[in-house]
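Worksheet for the structure shown next.
There are 2 protein chains.
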Amino acid sequence: MYTESIEMVEVAPRDGLQNEKTMISTDDKVALIGRAIAAGARRIEVTSFVNPKAVPQMADAEAVCARLPQRADVTYIGLVMNARGAARAIETGRIDQLGAVSVATDTFAKANQGQTSQGSVAAASEIIAMAHQAGKTGQVTIAAAFGCPFEGEVAQARVVAMAEALAKADPVEIGLADTIGVGNPAHVVSLIGKVRAAVPHIPVRVHFHNTRGTGLANVWAAIGAGAVTVDAAIGGLGGCPFAPGAAGNVSTEDVVYMLDRAGVGTGLDLAELIAANHWLGAVMDRTLPGMVARAPRFPAPKD
Amino acid sequence: MYTESIEMVEVAPRDGLQNEKTMISTDDKVALIGRAIAAGARRIEVTSFVNPKAVPQMADAEAVCARLPQRADVTYIGLVMNARGAARAIETGRIDQLGAVSVATDTFAKANQGQTSQGSVAAASEIIAMAHQAGKTGQVTIAAAFGCPFEGEVAQARVVAMAEALAKADPVEIGLADTIGVGNPAHVVSLIGKVRAAVPHIPVRVHFHNTRGTGLANVWAAIGAGAVTVDAAIGGLGGCPFAPGAAGNVSTEDVVYMLDRAGVGTGLDLAELIAANHWLGAVMDRTLPGMVARAPRFPAPKD
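Going down the list, the sequences are from chains B and Y. Each residue of the first sequence is one higher than the one before, counting from 73 in this note's numbering. Each residue of the second sequence is one higher than the one before, counting from 73 in this note's numbering.
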């Protein structure tokens, strides 16, 4: 019934860390990326090229990029909000794919990137065009697609209209992000169905936060509805500096645990991910939100 | 597509509390039951009638029953493992329904109730017969239906055969319990489909633990597969004294949040449940696992 495999994007180095108060060293960020690759990650959101005053944790974007492993089989994604960020990302010579963000509501678009929602669609389209001109690929995520921390419910028709407008820029995919973790599986199935009907040639990626415990339910529903790529963060870290109450991304290891056991391939190694969770927890000096890393292994290893 | 409503069973007073090291007072247990009723719960697992040396937290079973609110519209369930427990529950005069437990593996059956798996089926059948003789209803839960802490994977055919055997005792429903939280949505859909095909006249209840983050995904999948009743515990408390690594039940308030927003009715009031979580957290002097009670309200209340 279900698909045999999906693709995952590891977002811990960017979305996982961006909201952390304690500065993570460039060494640790590079080590985290190395661990993700060792666990099988082949698409990784490595950093964002944004104003370091707004997001201090990402101030070392260029330094991280300079130390990315030379891997032809890994796609490194840099998140950018505008042409200036896109130029910085391209300038590194190490970013394979630009990730743009369009926001579904004006209030959140203003808080997140000082634009209207429509302005954020125009900016994303420009970013994707810049990627193409530089010989890179570009993709876009529609933030607050399932609800806005300021405006509340977000009409599905609004998100579909944004997807139609963004599709004209020819992104490799469109992401639907539940930035504040308010989505539910019925909403997920409905919105993905509508977006796929509106732009059938564009693959759908999903990005869920587990703020209210529904993260994995939404992932499962999204895959059933035809999403082909899932964002997740090792450890379940995450949050948004501009979205009050946003909490962790779905944890990569929890998603992989569920999908492994359900027979859906991800290309990732659960034991390596759990080890990465424990390593990252030691770096952060706290227990991370991901749950499978705190539970006994099942089935128990045969000695 | 989805069902319009499901039934929930509140299990916090029994499964939620049974593994707590600190003794909860009878006053607080009765208050918890009162809060569940105020939130709309109409089936509540109020206690278990087991050996107080094995499960000290449930030693006040008779005292709790003596103080249950007189409510013709609420079904009070007492969990029992054998004829002795059934007789105690019936003797209180306040238990409406006996809940029996059959265990899918011999090793866990032995640890949980000193029986073989087959012995636990016979015991459950006897308990249900005693319920009928006393003018009560009886139901049964198949524990470790999705995996065993000792034996690992559990064959679906074994659970189906148990359901067929148990159906002869005419329980009001058969529960499928993921006692240690290792289920995944594909397994859930498959097993429920097989059980429904084998005993189509018996409603299926599900009981999930969120040990590895998959709890709500399993609930959603189970409802889609035709389960009509869902166990959950206010606060997401829970565990099993005889199942190493078992962690909390799915949280009632998280399940209700997801289902409310997905348009599936439960008859429960989310705000009351969140208040009950906060009250219970104060009683236990810690933050409880349930997540929606720790997140901002969405949509934000209109002032």
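The beta-carbon is built from N, C-alpha and C at its ideal position, and this holds for glycine as well. Predicted, not measured: the structure shown is a model, and the values here were computed from it.
Cβ contact (3+ pairs, closer than 8 Å) linking the segment 152-172 of chain B and the segment 196-215 of chain B = Cβ pair count under 8 Å is three or more, so yes.
query = What are the residues of the segment 219-239 of chain Y that lie near chain B, defined by any Cβ-Cβ distance shorter than 8 Å?
reply = Listed by position, the residues of the segment 219-239 of chain Y near chain B (Cβ gap below 8 Å) are G219, P221, G224, E225.
ask   = Which term fits A408/Y, buried or exposed, when burial requires 16 or more other beta carbons within 10 angstroms of its beta carbon?
value = As displayed, chain Y neither begins before 73 nor continues past 375, which places residue 408/Y out of reach and without an answer.
ask   = Where DSSP assigns a beta bridge to G22/B, which residues make up the other side?
value = Past the boundaries of the shown model lies residue 22/B; chain B is included only from 73 to 375, so the question cannot be answered.
message = For a test of the three-state rule: what should DSSP assign to G106/B, helix, strand or coil?
response = Here residue 106/B corresponds to residue number 34 of the first sequence, with the count starting at 1. G106/B falls in the helix class under three-state DSSP.
key: Span separating the alpha-carbon of V127/Y from that of A270/Y   = For this step, residue 127/Y is matched to residue 55 along the second sequence. For this step, residue 270/Y is matched to residue 198 along the second sequence. Roughly 34 Å separates the two Cα atoms.
query = Which term fits S97/B, buried or exposed, when burial requires 16 or more other beta carbons within 10 angstroms of its beta carbon?
reply = Start at 1 with the first residue of the first sequence, and residue 97/B comes out as number 25. Per the 10 Å Cβ criterion, exposed.
message = Just to confirm the assignment, what range does the beta strand (DSSP E) spanning L151/B have?
response = Residue mapping note: residue 151/B aligns to position 79 of the first sequence, counting from 1. Counting along the chain, the beta strand (DSSP E) containing L151/B begins and ends at 147-152.
key: Residue nearest to P368/B in terms of C-alpha spacing, selected from D357/Y, A319/Y, V355/Y, V336/Y   = Against the first sequence, residue 368/B aligns to sequence position 296. Among D357/Y, A319/Y, V355/Y, V336/Y, the Cα nearest to that of P368/B belongs to A319/Y.
message = Considering only DSSP beta bridges, list what H281/Y is partnered with.
response = Against the second sequence, residue 281/Y aligns to sequence position 209. Beta-bridge pairing links H281/Y to N321/Y.
task = Pull up the distance between the alpha-carbon of A315/B and that of T359/Y, whole angstroms please.
result = Mapped onto the first sequence, residue 315/B falls at position 243. Mapped onto the second sequence, residue 359/Y falls at position 287. For A315/B and T359/Y, the gap between their C-alpha atoms comes out near 23 Å.
ask   = Rounded to a whole number of angstroms, what is the C-alpha to C-alpha distance between G285/Y and F280/B?
value = To locate residue 285/Y, count along the second sequence from 1; it is residue 213. To locate residue 280/B, count along the first sequence from 1; it is residue 208. If you take the alpha carbons of G285/Y and F280/B, they lie about 14 Å apart.
request  = Assuming T179/B and E223/B form a contact by the criterion Cβ under 8 Å, report the distance between their Cβ atoms to the nearest whole angstrom.
outcome  = Position 107 of the first sequence holds residue 179/B. Position 151 of the first sequence holds residue 223/B. The C-beta separation of T179/B from E223/B comes to about 5 Å, placing the pair in contact by the 8 Å criterion.
key: Where the beta strand (DSSP E) containing Q129/Y begins and where it ends   = Start at 1 with the first residue of the second sequence, and residue 129/Y comes out as number 57. Counting along the chain, Q129/Y falls outside any beta strand (DSSP E), and DSSP gives it neither H nor E.
inquiry  = Does the structure place the segment 189-201 of chain B close enough to the segment 236-244 of chain B that three or more beta carbon pairs sit under 8 Å?
reply    = Touching, yes.
ask   = Touching or not, the segment 290-305 of chain Y and the segment 299-309 of chain B, by the rule of three or more beta carbon pairs under 8 Å?
value = Between the segment 290-305 of chain Y and the segment 299-309 of chain B there are fewer than three C-beta pairs closer than 8 Å, too few to call the two in contact.
message = So, at 6 Å on beta carbons, what are the nonlocal neighbours of Q211/B in its own chain, with the 5 sequence-adjacent residues on each side left out?
response = Along the first sequence, one-based indexing puts residue 211/B at 139. Closer than 6 Å at the Cβ level, and outside the excluded window around Q211/B, lie G171, P243, V244, E245.
query = Tell me the DSSP bridge mates of G172/B?
reply = Translated into the one-based positions of the first sequence, residue 172/B becomes position 100. Rather than Gly, the amino acid found at residue 172/B in this sequence is Ala. Looking at the DSSP assignment, A172/B forms a beta bridge with V212/B.
query = Assuming A348/Y contacts A108/Y under a Cβ cut-off of 8 Å, what Cβ separation, rounded to an integer in Å, is found between them?
reply = For the purposes of this step, residue 348/Y is taken as residue 276 along the second sequence, with counting starting at 1. For the purposes of this step, residue 108/Y is taken as residue 36 along the second sequence, with counting starting at 1. Contact check for A348/Y and A108/Y: beta-carbon distance about 7 Å, within the 8 Å limit, so the pair qualifies.
query = Name the chain Y residues that come within less than 7 Å of N256/B, Cβ to Cβ?
reply = Taking the first residue of the first sequence as 1, we reach residue 256/B at position 184. Those within 7 Å of N256/B in chain Y are M330, R333, A334.
inquiry  = So, for A113/Y: in the same chain, excluding its five sequence neighbours on each side, which residues have a beta-carbon less than 6 Å away from its beta-carbon?
reply    = Within the second sequence, numbered from 1, the residue matching residue 113/Y stands at position 41. Result list for A113/Y: E82, in chain order.
inquiry  = Can you check which of these residues, T338/B, V267/B, D168/B, A334/B, is closest to P141/B by C-alpha distance?
reply    = The residue given as residue 141/B occupies position 69 in the first sequence. In terms of Cα proximity to P141/B, the closest of T338/B, V267/B, D168/B, A334/B is D168/B.
key: Through-space distance from T213/Y to V152/Y, alpha-carbon basis   = What you label residue 152/Y is simply residue 80 of the second sequence in a count that begins at 1. What you label residue 213/Y is simply residue 141 of the second sequence in a count that begins at 1. Each residue's CA atom was taken as its position, placing V152/Y and T213/Y some 11 Å apart.
message = I'd like to know if G285/Y contacts chain B, where contact means its C-beta is closer than 8 Å to some C-beta of that chain.
response = Translated into positions along the second sequence, residue 285/Y becomes position 213. By the rule that beta-carbons nearer than 8 Å mark a contact, G285/Y touches chain B.
key: Buried versus exposed call for T94/B [16 or more other C-beta atoms within 10 Å across all chains shown]   = Here residue 94/B refers to the residue found at position 22 when the first sequence is read from its first residue. It is exposed - the Cβ of T94/B has fewer than 16 other Cβ atoms within 10 Å.
message = Looking at chain Y, is there any beta carbon in it that lies within less than 8 Å of the beta carbon of V364/B?
response = Residue mapping note: residue 364/B aligns to position 292 of the first sequence, counting from 1. Closer than 8 Å to some Cβ of chain Y, the Cβ of V364/B qualifies, so yes.
query = Could you check where the beta strand (DSSP E) with T376/Y kicks off and where it finishes?
reply = Chain Y is shown only over 73 to 375; residue 376/Y falls outside these bounds and no answer can be derived.
task = List the residues that DSSP assigns as beta-bridge partners of T301/B.
result = Start at 1 with the first residue of the first sequence, and residue 301/B comes out as number 229. As computed with DSSP, T301/B is found in a beta bridge with E79/B, R277/B.
task = Counting only the same chain and skipping the five closest in sequence on each side, list residues whose C-beta sits under 7 Å from that of Y329/B.
result = Working through the first sequence from its first residue, we reach residue 329/B at position 257. Closer than 7 Å at Cβ, skipping near neighbours: L342, V364.
request  = Helix, strand or coil for E225/B, going by three-state DSSP, please let me know.
outcome  = Position 153 of the first sequence, counted from the start, is the residue given in the question as residue 225/B. In the structure shown, E225/B sits in coil (DSSP, three-state: anything other than H, G, I, E or B).
ask   = Could you check where the beta strand (DSSP E) with E117/B kicks off and where it finishes?
value = In the first sequence, the residue the question calls residue 117/B occupies position 45. Here the beta strand (DSSP E) through E117/B covers 115-121.
task = Would you please state the rounded distance, in angstroms, between the beta carbons of A133/B and T119/B? I believe it to be under 8 Å.
result = Here residue 133/B refers to the residue found at position 61 of the first sequence. Here residue 119/B refers to the residue found at position 47 of the first sequence. Between T119/B and A133/B the Cβ distance is about 4 Å, and since that is below 8 Å, they are a contact.
ask   = By DSSP, does D250/B sit in helix, in strand, or in coil?
value = Along the first sequence, read from residue 1 onward, the residue named residue 250/B stands at position 178. The three-state reading of DSSP puts D250/B in strand, counting E and B together.
Per-residue DSSP class, three states only, for G186/Y = Counted from its first residue, the second sequence places residue 186/Y at position 114. Looking at G186/Y - three-state DSSP - the assignment turns out to be coil, as it is neither helix nor strand.
ask   = For G219/B, does the three-state DSSP call read helix, strand or coil?
value = Position 147 of the first sequence holds residue 219/B. Under the three-state reduction of DSSP, G219/B is assigned to coil, being neither helix nor strand.
inquiry  = Restricting to Cα atoms, I'd like to know which of V136/B, K125/B, I149/B is closest to T209/B.
reply    = For the purposes of this step, residue 209/B is taken as residue 137 along the first sequence, with counting starting at 1. For T209/B, the nearest C-alpha among the options comes from I149/B.
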